[in-house]
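J.: One structure is given below, represented as C-alpha cells, and several questions about it will come after.
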Amino acid sequence: MSQASARHLLVDTEEKCLALKAEIEAGKDFAEVAKEHSNCPSNAQGGDLGSFGPGQMVPEFDKVVFSAPLNTVQGPVQTQFGYHLLEVTARN
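Quick look at the structure:
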C-alpha cells in the first residue's frame with residue numbers, strides 16, 4: 184500500500200494561506216511558519232503529520248498528497264477545516 188509523509192499548515196482564509204505560501208517561497212522555513220500560524224495541533228511539530236496511507240485524510244488532502252511532486256509547497260487546498268498548505272516530504 185502506498186504511504187506518504189507530509190507536513191501542512193491550516194488557516195481560516197485563502198488570503199492568509201496565500202500570504203504564508205509567499206513567505207515560504209521567499210525562503211522562510213515551512214516548519215517555523217506552521218508553528219507560528221497553523222490552527223492545527225500539528226503546529227507543535229512544525230506541521231509534520233508523519234506517515235499515512237490513502238483514505239486516512241480528507242479526500243482533498245489525499246488528492247494532493249498522492250500526486251504532488253515531493254518537497255514543493257502545494258495549496259491553498261480548501262477542506263472542511265479551512266485552507267491548507269501541504270508539502271509532501273516522502274512517498275512510496
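For the sequence shown, the working numbering assigns the number 275 to the last residue and increments by one with no breaks. Beta carbons: idealized from backbone N, C-alpha and C, even for Gly. Here the structure is a predicted model, which is why all the values come from computation and not from measurement.
#1: In chain order, what are the residue ranges of uninterrupted beta strand (DSSP E) at least 3 long that sit wholly in the stretch 223 to 266?
#2: Can you tell me which of the three DSSP states residue 209 falls into?
#3: Please work out which residues of its chain come closer than 6 Å, Cβ to Cβ, to residue 241, disregarding the five sequence neighbours upstream and downstream, and give them in chain order.
#4: With a 10 Å radius around its C-beta and 16 neighbouring C-beta atoms as the bar for buried, classify residue 254 as buried or exposed.
#5: Identify, in the order they occur along the chain, each residue of the same chain with its Cβ nearer than 7 Å to the Cβ of residue 236, setting aside the five sequence neighbours on each side.
#6: Using the Cβ count rule (16 or more neighbours within 10 Å means buried), how would you classify residue 251?
T.: Looking at the atomic coordinates:
#1: Fully enclosed beta strand (DSSP E) runs of 3 or longer: 231 to 235, 256 to 262.
#2: Taking the sequence shown and counting its residues from 1, one reaches residue 209 at position 26. Here residue 209 sits in coil by DSSP.
#3: For the purposes of this step, residue 241 is identified with residue 58 of the sequence shown, where counting begins at 1. The residues are 262.
#4: The residue you call residue 254 lines up with position 71 of the sequence shown. Exposed.
#5: For this step, residue 236 is matched to residue 53 along the sequence shown. Excluding residues up to 5 positions away in sequence, 184, 185, 186 lie with their Cβ nearer than 7 Å to the Cβ of residue 236 in the same chain.
#6: Counting from one through the sequence shown, the residue named residue 251 turns up at place 68. Residue 251 is buried by the Cβ-count criterion.
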